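J.: Each residue of the sequence shown is one higher than the last, beginning at 0 in numbering that gives the first Met the number 0.
Attaching a single structure in structure tokens format; questions to follow.
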Amino acid sequence: MNARLSLTSIVLLLALFFAGTASAVKPDEVLPDPTLEARARALSEGLRCMVCQNQSIDESDADLARDLRVLVRQRLVAGDTDQQVMDYVVSRYGEFVLLKPRFDLRNALLWGTPV
């Protein structure tokens, strides 16, 4: 009985742990080309959800995040490079959309201050 209860507890804890890392990508968003889909997922993990702000668009269930995921996939299917997709999104939403800000002279002080 104790072993069964312990096993159930472990399974529930693991389910809770991995539930937070689940993706919000819906089946109808997935590209048929696995290479393009992998690129889309990698790009989506680096873009901030402008509604949630603490999640990537890959993790967020917000409508805007879904729209951005679809936009990323459309741009990739159209033949854009990863950099072109990122530049396009940044031109529309600003640098804040990047979960990891780019290093440039405007933010050099912020990058160097923690040291």
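Ideal Cβ positions, reconstructed from N, Cα and C, are used throughout, including at glycine.
Computed from a predicted model, the values in this text were never measured in an experiment.
Could you work out which residue in 112, 67, 91, 103 is closest to residue 42 when comparing CA atoms only?
T.: Selected option, being the one with the closest Cα: 67.
J.: Is residue 38 closer than 8 Å to residue 75 when the C-beta atoms are compared?
T.: Yes, the pair counts as a contact, with Cβ atoms nearer than the cut-off.
J.: Would DSSP call residue 59 helix, strand or coil?
T.: Correct three-state label for residue 59: coil.
J.: What is the DSSP secondary structure of residue 42, reduced to helix, strand or coil?
T.: If DSSP states are grouped into helix, strand and coil, residue 42 belongs with the helices.
J.: What do you get for residue 50, buried or exposed, if any count of 16 or more other CB atoms within 10 angstroms of its CB means buried?
T.: Exposed is the call here.
J.: Do the CB positions of residue 23 and residue 77 come within less than 8 Å of each other?
T.: In this structure, residue 77 does not lie closer than 8 Å to residue 23 by Cβ.
J.: What first and last residue would you give for the alpha helix (DSSP H) that runs through residue 88?
T.: Looking at the DSSP string, the run of the alpha helix (DSSP H) that includes residue 88 is 81-92.
J.: What is the rounded straight-line gap between the Cα of residue 60 and the Cα of residue 82?
T.: If you take the alpha carbons of residue 60 and residue 82, they lie about 25 Å apart.
J.: Based on the DSSP output, what are the partners of residue 97 in its beta bridges?
T.: Bridge partners of residue 97: 46.
J.: State buried or exposed for residue 103, treating a residue as buried only when at least 16 other CB atoms are found within 10 Å of its CB.
T.: Counting Cβ neighbours within 10 Å, residue 103 comes out exposed, since fewer than 16 surround it.
J.: Look at the Cβ atom of residue 40, then the Cβ atom of residue 95, and state whether they are nearer than 8 Å.
T.: Not a contact, by the Cβ cut-off of 8 Å.
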